[in-house]
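Q:
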Amino acid sequence: MNASVIAGRPPSSSSGPSGAEPSNIATRVSALAERFKEFRTSPRPEVVTDTAVQRWLLELDELGKLVTEGSAADLGPHAASVDNLKLAARTATEKLLQLPWLSAETQRGLQGYLERNPAYRQIGPYRFSSDWMSKCEADWRNVLTPWVNRPELKALEIGSFEGRSAIWLLENVLTHPESRIVCADLFDGPYAKVFDENIAATGQAHRVEKLVGPSGHVLRRLPPEPVFDFIYVDGSHRPFDVLEDAVLSWRLLRPNGLMVFDDYGMAGAQLAAFANIDRPDIGIDAFLSAAAHQLEVVLKGFQIIVRKKT
Ligand SMILES: C[S@@+](CC[C@H](N)C(=O)[O-])C[C@H]1O[C@@H](n2cnc3c(N)ncnc32)[C@H](O)[C@@H]1O
Numbered sequence: 001m002n003a004s005v006i007a008g009r010p011p012s013s014s015s016g017p018s019g020a021e022p023s024n025i026a027t028r029v030s031a032l033a034e035r036f037k038e039f040r041t042s043p044r045p046e047v048v049t050d051t052a053v054q055r056w057l058l059e060l061d062e063l064g065k066l067v068t069e070g071s072a073a074d075l076g077p078h079a080a081s082v083d084n085l086k087l088a089a090r091t092a093t094e095k096l097l098q099l100p101w102l103s104a105e106t107q108r109g110l111q112g113y114l115e116r117n118p119a120y121r122q123i124g125p126y127r128f129s130s131d132w133m134s135k136c137e138a139d140w141r142n143v144l145t146p147w148v149n150r151p152e153l154k155a156l157e158i159g160s161f162e163g164r165s166a167i168w169l170l171e172n173v174l175t176h177p178e179s180r181i182v183c184a185d186l187f188d189g190p191y192a193k194v195f196d197e198n199i200a201a202t203g204q205a206h207r208v209e210k211l212v213g214p215s216g217h218v219l220r221r222l223p224p225e226p227v228f229d230f231i232y233v234d235g236s237h238r239p240f241d242v243l244e245d246a247v248l249s250w251r252l253l254r255p256n257g258l259m260v261f262d263d264y265g266m267a268g269a270q271l272a273a274f275a276n277i278d279r280p281d282i283g284i285d286a287f288l289s290a291a292a293h294q295l296e297v298v299l300k301g302f303q304i305i306v307r308k309k310t
C-alpha cells in the first residue's frame, strides 16, 4: 500500500453530498499526491523544505474537511473510501516525519496531523485503518449468495491485512460452523495484531487458520490438493508475484471454485511513476491467457472473478 492511492482517477462532473465538487476534490487529491511524489523522488533538504511541507500539510488539512464517502468513492474504486485516503495521507505524513532536517515546528505540524486523524475507525467490535472491501461487496454478494451457509466451504485468502475481507466472508458467506478460511499474509507489521484482535472479535477464530510469510513460500508448503472453493488473490501487487500467487493457488482450487483477483483496474488509478511497480493486471492477464482453457471469466471490472472449469 502506498500514498499513490490518493491519486484517484480523472475527475467526474457530478457533485458530492457535501456540495463540494468531486472534480475539485480529485484535482486537489492528485496535486497533493503529485507533490508528495516529488518529495519521495528527491528527498533532499533543498526540495523537501519546511515551507513546502507546511504548505502541503495545510492543503491536506483543508482537503480532509471536504472529502466525504461519496466524493472518495468518486475518485475510483482504488481510493474508494475516506479511510483509504486517510491511510494514504497518514503514510505520507509518517514518511515526512522521518526527514531529520525538518524543523521542530514542521515536525510538530506533522505530528499534529497524525493526532487529529487517528489511524483506526471502530466498526462494531472491529477496528480498521482502511476499507478495500466495500467496493466489491455488491459483486461478491451476487456471485457468492448460492454458497451462503454451505457446510465445509473452504476459502483461501492471499493478503488479509487487518482481516476486513476475511471477516466479511465469515459474516456473510462462511456462516456454517463447518466452513473455514485460511489467511496467508506476511503478518509483519502492526496490522498483524489488529488482524488477531479483529478475528478474535468475530468469535470464530477457531475457523480461521493463519499462514505467515511470503505467499510464494507458504503456498508451496500446502499439499497440492484442490480443497478450496474460493480463493482471493490480494497480496503483493507486483506483476510476477500476482502471477505466482495465481499459479500456485490454482491447483488448490476445486473444480467450479472461484478465484477473485483484486485491483485489476488499479493501473488506471495510479500516478505514472508507480504504474510499473504495482500492476497486478499484468500478472492477472498472463495467468488468464495461460489458463484460458481451464476457466470461465465470471466478472471483469476493477476485480476479476473466474470459475475453474470441471
Ligand atoms: C491490500 S492488503 C489486503 C487487504 C484485505 N484483503 C482486505 O480487503 O481487507 C494486502 C496485504 O497483502 C500482504 N502481502 C503483501 N505482499 C505479500 C506477500 N508476498 N505474501 C503474502 N502477503 C503479502 C500485505 O501484508 C497486506 O496485508
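If you read the sequence shown in the UniProt record's numbering, its first letter stands for residue 1, the second for the next number, and so on. Heads up, the beta-carbon is just placed ideally off N, CA and C, and yes, glycines get one too.
#1: So which of L243, S249, N256 and L248 has the shortest CA-CA distance to Y264?
#2: Can you determine whether any heavy atom of ligand 1 sits closer than 7 Å to the C-beta of E162, and answer yes or no?
#3: Along the chain, where does the beta strand (DSSP E) that runs through N117 open and close?
#4: So, under 8 Å CB-CB, T310 and P255 are touching, yes? Tell me the CB distance rounded to an integer number of Å.
#5: Check the DSSP bridge columns for Y126 and list the partner residues they point to.
#6: Give the secondary structure of K309 by DSSP, where H, G and I count as helix, E and B as strand, and everything else as coil.
#7: Go ahead and pull the three-state DSSP assignment for R207.
#8: With a 10 Å radius around its C-beta and 16 neighbouring C-beta atoms as the bar for buried, classify W140 as buried or exposed.
#9: Mind checking whether the beta-carbon of A73 lies closer than 7 Å to any heavy atom of ligand 2?
#10: Tell me whether M259 counts as near ligand 1, meaning its Cβ is closer than 7 Å to at least one heavy atom of that ligand.
#11: Going by the beta-carbon positions, is the gap between R36 and D83 smaller than 8 Å?
#12: Which residues does DSSP list as the beta-bridge partners of R180?
#13: For Y191, which option in S160, R221 and A205 has the closest C-alpha, if you only look at C-alpha atoms?
#14: Buried or exposed for I181, please, with buried defined as at least 16 other CB atoms from any protein chain shown within 10 angstroms of its CB.
#15: Would you check if the segment 97–105 and the segment 56–70 touch, i.e. whether three or more CB-CB distances between them fall below 8 Å?
#16: On the premise that L252 lies in contact with V227, defined as a C-beta separation below 8 Å, what is that separation, rounded to the nearest angstrom?
#17: In angstroms, rounded to a whole number, what distance separates the CA positions of residue 330 and Y232?
#18: Do the CB positions of G93 and L114 come within less than 8 Å of each other?
#19: Use the C-beta contact count for K220: other C-beta atoms within 10 angstroms, 16 or more gives buried, fewer gives exposed.
#20: At a cut-off of 7 Å, is P77 close to ligand 1 when judged by its beta-carbon and the heavy atoms of the ligand?
#21: Report, in whole angstroms, the separation of the C-beta atoms of I199 and V212, which I expect to be a contact under 8 Å.
#22: Output the distance between the C-alpha atoms of G163 and H176, rounded to the nearest integer angstrom.
#23: When the distance is taken between beta carbons, is I305 closer than 8 Å to I284?
#24: By Cβ distance below 6 Å, which residues in the same chain neighbour W168 in space, the five residues on each side in sequence not counted?
#25: Looking only at its own chain, which residues have a Cβ that is under 6 Å from the Cβ of G189, when we skip the five neighbours before and after it?
#26: Ignore the nearest five residues each way along the sequence and tell me which others in L248's own chain have a CB closer than 6 Å to its CB.
#27: Which same chain residues, not among the five before or five after E59, have their C-beta less than 8 Å away from its C-beta?
#28: P280 and F302 - do their beta-carbons sit closer together than 8 Å?
#29: Just the Cα atoms here: how many angstroms apart are A166 and L174?
A: Well, looking at it:
#1: Within the sequence shown, the letter at position 264 stands for residue 264. Cα-wise, what sits closest to Y264 is L243.
#2: Looking up residue 162 in the sequence shown gives position 162. Flag set: Cβ of E162 near ligand 1.
#3: Here residue 117 refers to the residue found at position 117 of the sequence shown. Careful: N117 lies outside any beta strand (DSSP E) and carries neither H nor E.
#4: Residue mapping note: residue 310 aligns to position 310 of the sequence shown, counting from 1. Residue mapping note: residue 255 aligns to position 255 of the sequence shown, counting from 1. Between P255 and T310 the Cβ distance is about 4 Å, and since that is below 8 Å, they are a contact.
#5: The residue you call residue 126 lines up with position 126 of the sequence shown. Paired residues: I123.
#6: Against the sequence shown, residue 309 aligns to sequence position 309. Looking at K309 - three-state DSSP - the assignment turns out to be coil, as it is neither helix nor strand.
#7: Taking the sequence shown and counting its residues from 1, one reaches residue 207 at position 207. DSSP places R207 in helix when its eight states are reduced to three.
#8: On the sequence shown, position 140 is the one that residue 140 refers to. W140 comes out buried.
#9: Absent from the structure shown: ligand 2. Ligands present: ligand 1.
#10: Within the sequence shown, the letter at position 259 stands for residue 259. Not under cutoff, so the answer is no.
#11: In the sequence shown, the residue the question calls residue 36 occupies position 36. In the sequence shown, the residue the question calls residue 83 occupies position 83. The sequence shown places Phe at residue 36, rather than the Arg named in the question. Cβ distance not < 8 Å, so F36 and D83 don't count as in contact.
#12: Here the question's residue 180 lines up with position 180 in the sequence shown. Its beta-bridge partners are K154.
#13: The sequence position of residue 191 within the sequence shown is 191, counting from 1. Selected option, being the one with the closest Cα: S160.
#14: Here residue 181 is taken as the residue at index 181 of the sequence shown, counted from 1. With 16 or more Cβ atoms within 10 Å of its Cβ, I181 is classed as buried.
#15: no
#16: Position 227 of the sequence shown, counted from the first residue, corresponds to residue 227. Position 252 of the sequence shown, counted from the first residue, corresponds to residue 252. 6 Å between Cβ atoms; contact.
#17: Residue 330 cannot be examined here, being either before or after the span of the chain that is shown, 1 to 310.
#18: Taking the first residue of the sequence shown as 1, we reach residue 93 at position 93. Taking the first residue of the sequence shown as 1, we reach residue 114 at position 114. Correcting the residue type first, residue 93 is Thr in the shown sequence and not Gly. Yes, these two residues count as a Cβ contact at 8 Å.
#19: Translated into the one-based positions of the sequence shown, residue 220 becomes position 220. The amino acid at residue 220 is misidentified as Lys; the sequence shows Arg. Its Cβ having fewer than 16 others within 10 Å, R220 is exposed.
#20: By one-based count along the sequence shown, residue 77 stands at place 77. No - ligand 1 has no heavy atom lying nearer than 7 Å to the Cβ of P77.
#21: Here residue 199 refers to the residue found at position 199 when the sequence shown is read from its first residue. Here residue 212 refers to the residue found at position 212 when the sequence shown is read from its first residue. No, I199 and V212 are not in contact; Cβ-Cβ is about 13 Å, not under 8 Å.
#22: Numbered from 1 along the sequence shown, position 163 holds the residue referred to as residue 163. Numbered from 1 along the sequence shown, position 176 holds the residue referred to as residue 176. Cα to Cα, G163 sits roughly 19 Å from H176.
#23: Translated into the one-based positions of the sequence shown, residue 284 becomes position 284. Translated into the one-based positions of the sequence shown, residue 305 becomes position 305. Their beta carbons are not under 8 Å apart, which means I284 does not touch I305 by this criterion.
#24: For the purposes of this step, residue 168 is taken as the residue at position 168 of the sequence shown. Correct list, in chain order: M133.
#25: Position 189 of the sequence shown, counted from the start, is the residue given in the question as residue 189. Taken in chain order, the list of residues that qualify is empty.
#26: Residue numbering aside, residue 248 sits at position 248 when the sequence shown is read from its first letter. L219.
#27: Here residue 59 refers to the residue found at position 59 of the sequence shown. Closer than 8 Å at Cβ, skipping near neighbours: R28, A31 and L32.
#28: In the sequence shown, residue 302 corresponds to position 302, counting from 1. In the sequence shown, residue 280 corresponds to position 280, counting from 1. No; because the gap between Cβ atoms is not below 8 Å, this pair is not in contact.
#29: Within the sequence shown, residue 166 is the residue found at index 166, counting from 1. Within the sequence shown, residue 174 is the residue found at index 174, counting from 1. Whole-angstrom Cα-Cα distance: 9 Å.
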